[in-house]
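A quick write-up on the structure given underneath.
Number of protein chains: 2
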Amino acid sequence: MELLKNKISKLGEVIGNDIIKVDMFLNHQIDVDLLNEIGKEFKRIFDGEGITKILTIEASGIGVACITAQYFSVPVVFAKKGEARNIGDNVFSSDVFSFTKDTTYKIRVSRDFLSPDDIVLIIDDFLANGRAVMGLKDIIEQSGATLAGVGIVIEKGFQDGGRLLRGSGVRVESLAIVESVYNGIITYRQANVKI
Amino acid sequence: MELLKNKISKLGEVIGNDIIKVDMFLNHQIDVDLLNEIGKEFKRIFDGEGITKILTIEASGIGVACITAQYFSVPVVFAKKGEARNIGDNVFSSDVFSFTKDTTYKIRVSRDFLSPDDIVLIIDDFLANGRAVMGLKDIIEQSGATLAGVGIVIEKGFQDGGRLLRGSGVRVESLAIVESVYNGIITYRQANVKI
């Protein structure tokens with residue numbers, strides 16, 4: 690998605706050779722016009738799949754999931770991280786390992802919001818090691834719902850998540866796949882090249 | 690807002706005499722059509738204030754803030770809670786006391802996203818004791834921006850936040866103010882009654 694790549698190149702901040710900070714428009718300040726273009730693109734890509742629900746994970750996935758959900762006319766469900774906070778025991782849960790924090794945390798979704806009749810699209814802002822998405826996939830499997838695919842705004846192609854998920858048969862569509870970050874230069878992979 | 694009160698009465702789950710669980714449409718599963726009606730109502734209420742930015746706090750405020758921002762054509766900024774996670778030192782921060790968890794946590798907003806030129810609307814899903822909103826207000830004051838007002842989806846009128854904020858001169862507009870919850874019956878306060 691060219692508009693997105695231009696935003697990343699213009700406003701993203703590269704730190705070292707692996708961090709791309711997109712706080713300016715995606716995960717601290719949110720450019721809602723851009724999110725609308727992203728939502729339309731996900732609709733174009735996953736149209737005809739019969740999506741009944743969009744699943745994401747707090748916190749920074751929620752904005753893009755809500756804006757995208759408008760184009761599918763379906764509700765959003767967001768998995769809650771960490772402590773239970775009022776969610777009760779009637780939940781699907783999965784353990785997610787965080788490479789950033791070197792620790793495992795629990796994600797939870799109430800059993801009220803996923804059923805075998807659901808066809809679920811997972812939406813998230815970033816895909817790196819893919820552990821959070823694998824946790825969501827695990828929860829979808831527990832519920833008996835169908836996973837239609839995963840829509841990612843920015844995939845770090847030099848980390849393992851995309852390969853792991855695609856390798857397990859999941860349809861992953863990323864609007865920008867960063868192949869490498871080197872000396873401040875971001876190189877993108879063509880999204881439709883199979884690897 | 691009648692549509693909202695109907696949703697709360699129909700789908701909200703009352704626990705004891707002080708908890709209203711609205712996981713079904715607001716803060717776990719999200720009814721995006723309802724959020725659009727909420728966004729239009731905030732636009733009607735705060736139209737003409739020259740809002741340049743919507744400020745909220747992760748996680749459950751993000752959805753309603755993003756949908757609302759579409760009607761104002763402005764970006765959303767969400768304050769980050771707890772550990773810093775990649776945000777750096779160039780931040781405004783404030784300490785927020787949580788009654789639920791009986792502990793104080795820090796909220797942070799990058800200095801890049803609030804300036805003295807900004808006219809800020811705070812949006813959040815719930816107002817109870819008001820400490821999170823007071824933290825956001827503190828951050829806005831540190832930045833030199835103007836606080837135009839606070840838009841809340843559901844205010845617990847039997848807790849102190851609304852009184853504290855209005856008492857300090859802040860314009861707080863809540864789309865539903867729950868006056869009391871007793872034996873499973875929810876009673877609303879008329880939103881335009883001054884107290």
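Residue numbers (my numbering), protein chains in the order written: chain A, 690 to 884; chain B, 690 to 884.
Even glycine gets a Cβ: it sits at the ideal position worked out from N, Cα and C.
Quantities reported herein were computed from a predicted structural model and do not represent experimental measurements.
Contact set between residue i and chain C, taken where Cβ atoms lie within less than 7 angstroms
{"i": "Pro764 (chain A)", "result": "The question asks about chain C, but that chain is absent: this structure's protein chains are A and B."}
Of the listed residues the options, nearest to residue i (C-alpha basis)
{"i": "Gly777 (chain A)", "options": "A:Thr741, A:Asp801, A:Asn716, A:Lys790", "result": "A:Asp801"}
{"i": "Val765 (chain A)", "options": "A:Val822, A:Thr741, A:Gly850, A:His717", "result": "A:Thr741"}
{"i": "Ala865 (chain A)", "options": "A:Phe847, A:Val763, A:Ser857", "result": "A:Phe847"}
{"i": "His717 (chain B)", "options": "A:Asp814, A:Ala834, A:Val721, A:Lys769", "result": "A:Lys769"}
{"i": "Ala817 (chain A)", "options": "A:Thr793, A:Gly838, A:Leu853, A:Leu810", "result": "A:Leu853"}
{"i": "Asp807 (chain B)", "options": "B:Ile708, B:Glu830, B:Gly840", "result": "B:Glu830"}
{"i": "Ser869 (chain A)", "options": "A:Lys699, A:Gly705, A:Glu691", "result": "A:Gly705"}
{"i": "Ala758 (chain A)", "options": "A:Phe781, A:Val867, A:Ile811, A:Phe714", "result": "A:Ile811"}
{"i": "Ala821 (chain B)", "options": "B:Ser782, B:Gly856, B:Asp722, B:Pro805", "result": "B:Ser782"}
{"i": "Arg860 (chain B)", "options": "B:Ser698, B:Val809, B:Asp791", "result": "B:Val809"}
{"i": "Val763 (chain A)", "options": "B:Gly750, B:Leu723, B:Ser762, B:Lys790", "result": "B:Leu723"}
{"i": "Glu738 (chain A)", "options": "A:Thr745, A:Leu744, A:Asp720, A:Phe761", "result": "A:Phe761"}
{"i": "Val721 (chain A)", "options": "A:Leu803, A:Lys696, A:Ser804, A:Gly840", "result": "A:Lys696"}
{"i": "Thr745 (chain A)", "options": "A:Met690, A:Asp849, A:Arg797, A:Leu692", "result": "A:Arg797"}
{"i": "Phe767 (chain A)", "options": "A:Ile743, A:Thr789, A:Val703", "result": "A:Ile743"}
CB contact below 8 angstroms: residue i versus chain B
{"i": "Ile756 (chain A)", "result": "yes"}
{"i": "Leu825 (chain A)", "result": "no"}
{"i": "Gln759 (chain A)", "result": "yes"}
{"i": "Lys729 (chain A)", "result": "no"}
{"i": "Gly701 (chain A)", "result": "no"}
{"i": "Ile751 (chain A)", "result": "yes"}
{"i": "Phe788 (chain A)", "result": "no"}
{"i": "Lys671 (chain A)", "result": "Chain A is shown from 690 up to 884; residue 671 (chain A) falls before or after that span and cannot be answered."}
Whole-angstrom C-beta distance between residue j and residue i, which should lie under 8 angstroms
{"i": "Ala748 (chain A)", "j": "Glu747 (chain B)", "result": "4 angstroms"}
{"i": "Gly819 (chain A)", "j": "Gly851 (chain A)", "result": "7 angstroms"}
{"i": "Cys755 (chain A)", "j": "Gly752 (chain B)", "result": "4 angstroms"}
{"i": "Tyr877 (chain A)", "j": "Lys694 (chain A)", "result": "6 angstroms"}
{"i": "Ser804 (chain B)", "j": "Ser832 (chain B)", "result": "6 angstroms"}
{"i": "Asp784 (chain A)", "j": "Thr793 (chain A)", "result": "5 angstroms"}
Proximal residues of chain A, C-beta to C-beta of residue i below 9 angstroms
{"i": "Leu836 (chain B)", "result": "Here the premise fails: no neighbours, minimum Cβ distance about 18 angstroms."}
{"i": "Leu693 (chain B)", "result": "Neighbours of Leu693 (chain B) on chain A: none; closest Cβ ~16 angstroms, over 9 angstroms."}
{"i": "Glu747 (chain B)", "result": "Glu747, Ala748, Ser749, Ile751"}
{"i": "Phe735 (chain B)", "result": "Going along chain A, no residue has its Cβ under 9 angstroms from Phe735 (chain B), so there is no contact; the nearest lies around 16 angstroms."}
Partner residues on chain A for residue i, Cβ-Cβ distance less than 7 angstroms
{"i": "Asp712 (chain B)", "result": "Ser799"}
{"i": "Ala865 (chain B)", "result": "What Ala865 (chain B) touches in chain A: nothing, since even the nearest Cβ is about 19 angstroms away."}
Neighbouring residues, chain B, relative to residue i (Cβ below 7 angstroms)
{"i": "Ala821 (chain A)", "result": "Here the premise fails: no neighbours, minimum Cβ distance about 14 angstroms."}
{"i": "Phe781 (chain A)", "result": "Per Cβ cutoff of 7 angstroms: no residues; Phe781 (chain A) is ~12 angstroms from chain B at best."}
Contact list for residue i against chain A, beta-carbon separation under 8 angstroms
{"i": "Leu816 (chain B)", "result": "By Cβ distance, chain A contributes nothing, its closest Cβ being about 16 angstroms from Leu816 (chain B), past 8 angstroms."}
{"i": "Leu724 (chain B)", "result": "Cys755"}
{"i": "Ile776 (chain B)", "result": "Asp712, His717"}
Spatial distance of residue i from residue j (CA atoms)
{"i": "Asn725 (chain B)", "j": "Glu862 (chain A)", "result": "27 angstroms"}
{"i": "Lys732 (chain B)", "j": "Ser787 (chain B)", "result": "29 angstroms"}
{"i": "Asn779 (chain B)", "j": "Lys795 (chain B)", "result": "14 angstroms"}
{"i": "Val711 (chain B)", "j": "Gln879 (chain A)", "result": "42 angstroms"}
{"i": "Arg855 (chain B)", "j": "Thr835 (chain B)", "result": "16 angstroms"}
{"i": "Ser799 (chain A)", "j": "Ile874 (chain A)", "result": "42 angstroms"}
{"i": "Ala837 (chain A)", "j": "Glu844 (chain B)", "result": "37 angstroms"}
{"i": "Phe714 (chain A)", "j": "Leu700 (chain A)", "result": "8 angstroms"}
{"i": "Asp707 (chain B)", "j": "Val867 (chain B)", "result": "10 angstroms"}
{"i": "Gly750 (chain B)", "j": "Asp814 (chain B)", "result": "5 angstroms"}
{"i": "Asp827 (chain A)", "j": "Val839 (chain A)", "result": "13 angstroms"}
{"i": "Glu730 (chain A)", "j": "Met690 (chain A)", "result": "8 angstroms"}
{"i": "Ile719 (chain A)", "j": "Asp849 (chain B)", "result": "31 angstroms"}
{"i": "Thr789 (chain B)", "j": "Leu692 (chain A)", "result": "42 angstroms"}
{"i": "Val842 (chain B)", "j": "Ile734 (chain A)", "result": "33 angstroms"}
{"i": "Glu702 (chain B)", "j": "Ile709 (chain A)", "result": "42 angstroms"}
{"i": "Asp736 (chain B)", "j": "Ser698 (chain B)", "result": "29 angstroms"}
Neighbouring residues, chain B, relative to residue i (Cβ below 9 angstroms)
{"i": "Phe802 (chain A)", "result": "Asp712, Met713, His717, Gln718"}
Cutoff 8 angstroms: residue i Cβ touching any chain A Cβ
{"i": "Phe847 (chain B)", "result": "no"}
{"i": "Lys769 (chain B)", "result": "yes"}
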